[in-house]
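Colleague: I am attaching a structure below and will ask some questions about it afterwards.
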Amino acid sequence: MGTVKISFKLNGCDMNVEVLPNTLLVDLLRDVLGLKGTKVGCREGECGVCTVLLEGEAVNSCILPAVKVGGKSVVTIEGLVKENGQLHPIQQAFISEGAVQCGFCTPGMIMNAKALLDKHPHPSDGEIRSGISGVLCRCTGYRKIVQAIKTASQAGGRK
Amino acid sequence: MSYAFKDFHWTRHIPIKNYFLPKTLSEALNILAEYQGRALVVAGGTDVLPQLRRREIDAEALVDITHLPDLKSIEERGERIALGALVTHASITSSPLVREKAKLLADGAGYLGSPQIRNIATVAGNLVSGQPAADTSTPLLALDASVTIASKDGERIVPLTKFFLDTGKTILDCRREILTRIEFNALKEHHGCCYLRLSQRKALALPILVCGVLVKVDKKRRVIEEAAVALGPVAPIPFRAIRVEEALRGSPISKEIIEAVGTIAIEECNPRDSLLRGSSLYRKEMAKVFVKRGLQKALAQVGFPVT
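Protein sequence lines correspond, in order, to chains F and U.
Note that the first sequence covers residues 1 to 159 in this note's numbering.
Note that the second sequence covers residues 1001 to 1307 in this note's numbering.
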C-alpha cells in the first residue's frame, strides 16, 4: 500500500507527513505525531472524546481519514495552551469548577466548548448542553462541565 | 481470554488500500469504473468508515467526492430549492433559506447524530445510506424531493419516492454512481409544516419514530388543499402515507378529520418488534399520535389551531 503525502496546519504549525490511505486522523495525531491529548473511545463517532477542530469546526477524528485534512487547519487540545504554558480560559475554568473527574472525556468536552464559544461567546444553558451533546461523560459529571463552560464564557473564553 | 478479546473486541483497522480525492466528476466516475465495483463513493464518511471498520461493508478503495466543485451550494430555483451533494447537516440547519422555506428539513437535519457528525455528514449521504430512520429522508419525502444521479451513462433525475428499495438499499449503486443534487419544494405562507421525532434520549440517539408533516390550506374556505405525511422507521423504507394524504385532501379543517387519519396512519405502518426501538404495537400507536400531533402543529402555524 502506497503512502500519501499531506500538508496541513496543526495547532498553527505547518506539517508535512506521509500517511497510509487508511490512516485515521486520531491515529496520525496520537501514534505518529505523539499528541496523546486527543483520546480514542469508541471509534464509531459516538463518544466524542476524539474531537478536534477542523477549520474551526468540531469533528470526530476517529472516523476522519487523515488524507481529508490535507490543506486544512487542525487544532487539538494541545493547541489551546499558550506558548508560555498558560492554560486556555476554558481549561482553567474546568479546573476551577471541578469539571474533571476521570478526565477521559475532558479533551473532547473542551474542544466542543471551544467550537461553541468561538461561534457564540455567550451561550445559554441550552446552547451549552447542545454544544456538548456529542461527547459522553461516563462519570456523568455534566453539571459541572456546563458550569465550567459558562464560567469560561463569562471570563471571555474565546481566545 | 486473549482469544475472546481478539474475536469480540473491535479492531481499529480500516481495510482499504487506496483513497482518491478526485477534482472533477468525470475523474471520480472514471475511478469507479476502473475499480468495477470494488471502490466506494464517500463524502463525510460518518456512516461508511464505521461500517468498513466493523467489516459490514467491503471496499478496496474509497472515492472521496469532497473536492468536486460546485456541490456545496444551497440555492432557490423558482419554486424549488436545490442542494449540492456536499451540503452538510450543519449548513442545512443554519441556512436562513431552508429555515424559512423548508423548516421541517432544517429541524430534521438538526436532530441527526451530534454536532461533530452534523459538521461532516452530508444530506446526500444520509439519503444514500438508505436507513428508514434517516432524519432528512422523511422531511425530503414530504417536500416532494427528487435526486440527480450521475453515472458514466449520464444523469438521471429520480423522485425520492422511487429512490428507497429496502433497509440500507436504494436505486443508487454507490460503487458506480454519484448522487450530485437534491431538489425539493420551497414552502409558501399558506403552508404549515413540522418534523416530529421520538427517541430514547434527546441527543445522539437513533429515532424510534420520525414524522414529517406538510399542509397547504385554503384559508378562505377553511379547507386542507393538500397534505403530505411521511413516516419512518415503521417499515423497511421511509414512505409517504398516501391514504392519510388522500383522506386529508379537500377536507374541511376539523378535529374529526385529524382523529380519522390518525387511525388510517396505523394501518399504513408495518413496524417490527425491536429491542432498540420498542414493540410494533407501541410504534403503531405512536404513529397515530404523531400524525395527529404533526397535523395540529402544522395547522396551528397557518392560523388554524385544532384542539
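Note that beta-carbon positions come from the ideal geometry of N, C-alpha and C, so glycine has one too.
1) Could you give the distance in angstroms between the alpha-carbon of F:HIS88 and the alpha-carbon of F:LYS82?
2) Spell out whether any CB of chain B is found under 8 Å from the CB atom of F:GLU57.
3) When you compare each of U:SER1254, U:ALA1109, U:ALA1124 to U:ARG1221 by their alpha carbons, which one comes out closest?
4) Going by the beta-carbon positions, is the gap between U:ASP1135 and U:GLY1108 smaller than 8 Å?
5) Going by Cα to Cα distance, which pick from U:GLU1267, U:PRO1015, U:PHE1020, U:VAL1063 is closest to U:LEU1040?
6) Please decide whether U:ASN1119 counts as near chain F, where near means a Cβ-Cβ distance under 8 Å.
7) Please confirm if the segment 1212 to 1220 of chain U is in contact with the segment 1191 to 1200 of chain U, defined as three or more CB-CB distances below 8 Å between the two stretches.
8) Using the beta-carbon count (16 or more within 10 Å), is F:GLY71 buried or exposed?
9) Kindly list, in the order they appear in chain F, the residues whose Cβ is closer than 9 Å to that of U:GLY1045.
10) Which residues, taken in chain order from the segment 16 to 33 of chain F, show a beta carbon closer than 8 Å to some beta carbon of chain U?
11) Answer yes or no: does any C-beta atom of chain F fall closer than 8 Å to that of U:ASN1126?
12) Give me the Cα-Cα distance between U:VAL1273 and U:THR1170, rounded to the nearest whole angstrom.
13) Using the Cβ count rule (16 or more neighbours within 10 Å means buried), how would you classify F:ILE145?
14) According to DSSP, is U:GLU1226 helix, strand or coil?
15) How about U:VAL1291 and U:VAL1229: are their beta carbons less than 8 Å apart?
16) For the candidate residues F:SER7, F:VAL26, F:PHE94, F:LEU80, whose alpha-carbon lies nearest to that of F:VAL17?
17) Compile a chain-ordered list of the residues in the segment 34 to 51 of chain F whose CB is closer than 7 Å to at least one CB of chain U.
18) Alpha carbon to alpha carbon, what distance is there between U:LYS1101 and U:ASN1185?
19) Starting from U:PRO1115, find everything on chain F with Cβ-Cβ shorter than 7 Å and list it in chain order.
20) Starting from the beta carbon of U:LYS1017, find every residue of chain F whose beta carbon is closer than 7 Å, and list them in chain order.
21) Quick one, which of U:LEU1021, U:ASN1126, U:MET1286 has its alpha-carbon nearest U:PRO1069's?
22) What are the residues of the segment 1054 to 1070 of chain U that lie near chain F, defined by any Cβ-Cβ distance shorter than 9 Å?
Modeller: Reading off the structure:
1) Residue mapping note: residue 88 of chain F aligns to position 88 of the first sequence, counting from 1. Residue mapping note: residue 82 of chain F aligns to position 82 of the first sequence, counting from 1. Roughly 7 Å separates the two Cα atoms.
2) Reference to chain B is not applicable here, since the protein chains of this structure are F and U.
3) Here residue 1221 of chain U refers to the residue found at position 221 of the second sequence. Per the Cα distances, U:SER1254.
4) Taking the first residue of the second sequence as 1, we reach residue 1135 of chain U at position 135. Taking the first residue of the second sequence as 1, we reach residue 1108 of chain U at position 108. The answer is yes: Cβ separation under 8 Å.
5) Your numbering for residue 1040 of chain U matches position 40 in the second sequence. Checking every option, the nearest Cα to that of U:LEU1040 belongs to U:VAL1063.
6) What you label residue 1119 of chain U is simply residue 119 of the second sequence in a count that begins at 1. Interface residue, yes.
7) yes
8) Locating residue 71 of chain F in the first sequence gives position 71, where the first residue counts as 1. The residue in question, F:GLY71, is exposed, as its Cβ has fewer than 16 Cβ neighbours within 10 Å.
9) The residue given as residue 1045 of chain U occupies position 45 in the second sequence. In chain order: ILE63, LEU64, PRO65, LYS68.
10) PRO21, ASN22, LEU24, ASP27
11) Here residue 1126 of chain U refers to the residue found at position 126 when the second sequence is read from its first residue. False, the Cβ-Cβ gap to chain F never drops below 8 Å.
12) On the second sequence, position 273 is the one that residue 1273 of chain U refers to. On the second sequence, position 170 is the one that residue 1170 of chain U refers to. In the sequence under discussion, the amino acid at residue 1273 of chain U is Asp, which differs from the Val named in the question. Straight-line Cα distance between these residues: approximately 23 Å.
13) Working through the first sequence from its first residue, we reach residue 145 of chain F at position 145. The residue is buried, with at least 16 neighbouring Cβ atoms inside 10 Å.
14) Walking along the second sequence from the start, residue 1226 of chain U turns up at place 226. Of the three classes helix, strand and coil, the one that applies to U:GLU1226 here is strand, per DSSP.
15) In the second sequence, the residue the question calls residue 1291 of chain U occupies position 291. In the second sequence, the residue the question calls residue 1229 of chain U occupies position 229. Yes, they are a contact pair.
16) Taking the first residue of the first sequence as position 1, residue 17 of chain F is located at position 17. Among F:SER7, F:VAL26, F:PHE94, F:LEU80, the Cα nearest to that of F:VAL17 is on F:SER7.
17) ARG43, GLU44, GLY45, GLU46, GLY48, THR51
18) For the purposes of this step, residue 1185 of chain U is identified with residue 185 of the second sequence, where counting begins at 1. For the purposes of this step, residue 1101 of chain U is identified with residue 101 of the second sequence, where counting begins at 1. Distance between the alpha carbons of U:ASN1185 and U:LYS1101: 8 Å.
19) The count along the second sequence starts at 1 and reaches residue 1115 of chain U at position 115. Within chain F, the residues near U:PRO1115 are ALA58, ASN112, GLY131, SER133, GLY134.
20) Here residue 1017 of chain U corresponds to residue number 17 of the second sequence, with the count starting at 1. Within 7 Å Cβ-Cβ: MET1, PRO21.
21) Residue mapping note: residue 1069 of chain U aligns to position 69 of the second sequence, counting from 1. For the residues U:LEU1021, U:ASN1126, U:MET1286, the minimum Cα distance to U:PRO1069 belongs to U:LEU1021.
22) ARG1054, ALA1061, LEU1062, ASP1064, THR1066
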